[in-house]
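Numbering (our numbering), first residue to last: 27 to 500.
The C-beta atom is built at its ideal place from N, Cα and C for all residues, glycine as well.
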Ligand code: FAD
Ligand code: NAD
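Pasting the structure below:
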C-alpha cells in the first residue's frame with residue numbers, strides 16, 4: 027500500500043490548493059477526485075471550475091457584453107445594427123475556458139509533485155483511503171494510507187422533492203449553464219445567488235424570467251439598503267421576482283413545465299419552457315464512509331470541524347463547502363491553505379467574519395462584515411455613511427450610475443464593521459474594505475487614504491467621509 031504524508035479527498039478550490047500548498051511545504055501529497063466533465067472525462071477543479079464560478083462568470087460576462095451593445099452602446103454614440111446572438115459559440119467559449127483552466131490544475135499538480143488519484147475516495151479505519159477509479163469495477167479499487175487526511179468533497183445542489191431534476195425541462199445550475207437555446211419563458215425557484223446570477227444571464231439574452239422565492243424578504247442575508255435598491259434595479263431589468271411564493275408542485279408535458287405555488291394564501295400556476303431549481307447546496311458526504319469511521323456530522327450533514335478545520339478524528343481535517351460557513355470558493359481555498367500551513371507547524375488562523383461575498387449581477391453586489399440588521403440585533407452602536415454611485419464622476423463617464431456604497435463603523439472607535447456595495451465592479455471594490463478590516467481599520471483610515479481619480483473606488487473614500495457627515499460630492 028502506498029503511503030503519503032497527506033491525502034486530500036476532492037480537487038475543488040479547497041482541495042486542489044490545499045494539495046499544492048502541502049506539496050510546496052515538502053509533504054508527499056496525493057489528491058483523490060472522482061469528478062467527471064460533461065463529456066465523461068476525469069477533470070480537476072471541482073464545482074468551481076467545472077460547473078460553478080468560472081462557467082457562470084463566462085456567461086455573465088458574455089451576456090453583459092450583449093446587453094451593453096443592445097441597451098447602452100447607442101448612448102455612447104455607437105450604433106450597432108444586425109446584432110446576432112450565437113448561443114452555440116457563447117457556450118463553446120465557456121467550455122473551452124473550463125477545459126483550459128481544469129487542465130491547468132493538472133499542470134500545477136505535475137509541477138508541484140501532487141499525485142492525482144482519479145476516482146471516488148472512501149475513508150477507512152487507520153487513516154486509509156480506498157480509491158475506486160471511475161468506470162472500473164471493485165477489483166480495481168485500491169487503498170492508500172496517509173499521516174494526514176484532508177476532506178474537501180464540496181457540495182451538491184439541494185433537492186426539492188416537488189421539482190425533481192431531469193436536466194431537460196427541470197434543471198439545476200449545471201443544466202442552466204448549458205442551455206443550447208434561449209428559453210422563451212424561464213422559471214427559477216429560489217432568488218438567491220444562483221437564481222439572480224443565472225436569471226440575469228438568460229434574461230439579458232431575451233428570456234422572460236420569473237423567480238419564485240419562498241421568503242417574504244428579498245436577499246435576506248444582504249444589507250437592507252442594498253437589497254431594496256437591488257430589487258428595484260432587477261425588476262427594471264426584467265426579472266420578475268415573486269416573494270413569499272411556496273412551490274407546491276410541478277408538472278411536465280412535451281412542451282412545457284407547469285409550476286403550482288401558493289402566495290399570500292392564493293393558489294397560483296405558471297408555465298415555463300425551462301425551470302431552474304436553485305434552493306441552496308448541501309454538503310457532499312455520500313459515499314465518503316463517514317459513519318463507518320465515526321466522523322462526526324452536524325444535523326444538516328456538514329462535517330463538524332473546529333476553527334482550524336480539525337474533525338473529531340485525529341489527523342483528519344475537513345474544509346470548504348463540506349463544513350460550516352459560507353459556501354464560497356475563496357473560503358474553501360483559504361481553509362485548505364491554512365490546514366496545510368498548520369500541518370507544517372505554522373501559526374495560521376482564518377477569520378470567517380471577514381469572508382467577502384459577491385453576487386455577480388449588474389450592478390454587482392458585494393459586502394464584507396456585518397449588516398445594519400445584524401448590528402441592531404446585537405445592540406451595537408454604529409454610524410453609517412452612504413454614497414450614491416450617481417455622484418461618482420467615473421460611474422457617470424461609464425454611463426453606469428446605479429447603486430451605492432455603504433460603510434458602517436463603530437460609533438465610539440470608528441472601527442469598520444461592514445461595507446456594502448451595489449456598484450459596477452463591486453467584486454473588485456470590496457477588496458479594499460476586506461483589507462482595511464483585516465487590519466482592524468477605521469472609516470477614518472479609508473478617509474485618509476489617497477484614492478486614484480477618476481475611479482469607482484473614490485466612492486469608498488466618499489462613503490468613509492460620509493460616516494462623519496463630510497462627504498464632498500453629495
Ligand atoms: P467543490 O468545488 O465542490 O469540489 C469538491 C470535489 O470533490 C468535486 O470535484 C467532487 O467531485 C469531489 N468529490 C466529492 N466527493 C468525493 C469523493 N468521495 N471522492 C473523491 N472526490 C469526491 N463561489 C464563489 O466564491 N464565487 C463564485 O462566483 C461562485 N459561483 C458559483 C456558481 C455556481 C453555479 C455554483 C454552483 C457555485 C458557485 N460558487 C461560487 C460556489 C463554489 O463553487 C464552491 O463554494 C466551491 O466550489 C467549493 O469548493 P470545495 O473545494 O469545497 O468543493
Ligand atoms: P442561496 O442560499 O443563495 O439561495 C437559495 C434561495 O432559495 C434562498 O433565497 C431561499 O430562501 C430560497 N428557497 C429555498 N427553498 C425554497 C423553496 N422551496 N421555494 C422557493 N425558494 C426557496 O442558494 P443558491 O442560489 O442555490 O446558491 C448556493 C450557494 O452556492 C450560495 O449560497 C453560495 O454559497 C454559492 N454560490 C456563490 C456564488 C457567488 O459567490 N457569486 C454564486 C453561485 C453560488
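If you compare the alpha carbons of 425, 376 and 340 with that of residue 152, the shortest gap goes to 340.
In terms of Cα proximity to residue 318, the closest of 122, 104 and 156 is 156. Residue 129 sits exposed, since fewer than 16 C-beta atoms from the chains shown fall within 10 Å of its C-beta. Inside the segment 349-402, DSSP marks whole beta strand (DSSP E) runs of 3 or more residues at positions 383-385 and 390-395, from first to last along the chain. In this structure residue 43 touches residue 362 by the C-beta definition: roughly 5 Å separates them, less than 8 Å. DSSP, reduced to helix, strand and coil, places residue 315 outside both helices and strands of the structure shown, so it counts as coil. Per the C-alpha coordinates, the member of 39, 93, 30 and 28 positioned closest to residue 355 is 39. For residue 58, the uninterrupted beta strand (DSSP E) run begins and ends at 55-59, by DSSP. Taking non-hydrogen atoms of the ligand NAD into account, the C-beta of residue 352 is found less than 7 Å away from one of them. Secondary structure remark: continuous alpha helix (DSSP H) runs of at least 4 residues inside the segment 439-494, in chain order: 452-464, 469-473 and 484-492. Here residue 124 is not near residue 191, since their CB atoms are 8 Å or more apart. A distance of 8 Å or more separates the beta carbons of residue 308 and residue 291.
In this structure, residue 239 has its CB closer than 7 Å to one or more heavy atoms of the ligand NAD. The secondary-structure analysis by DSSP pairs residue 228 with nothing; it has no beta-bridge partner. Burial check for residue 193: the Cβ neighbour count within 10 Å stays below 16, so the residue is exposed. Under the 10 Å beta carbon count, residue 334 is surrounded by fewer than 16 other beta carbons and is classified as exposed.
Nearest in C-alpha terms to residue 41, of all of 61, 28 and 29, is 61. Contact between the segment 81-98 and the segment 217-232 is present: 3 or more CB-CB pairs across the two stretches fall below 8 Å. Looking at the DSSP output, residue 156 sits in a beta bridge with 148 and 169. Between the beta-carbon of residue 228 and that of residue 235 there is about 6 Å, and that keeps the pair under the 8 Å contact cut.
Beta-bridge pairing by DSSP links residue 414 to 430.
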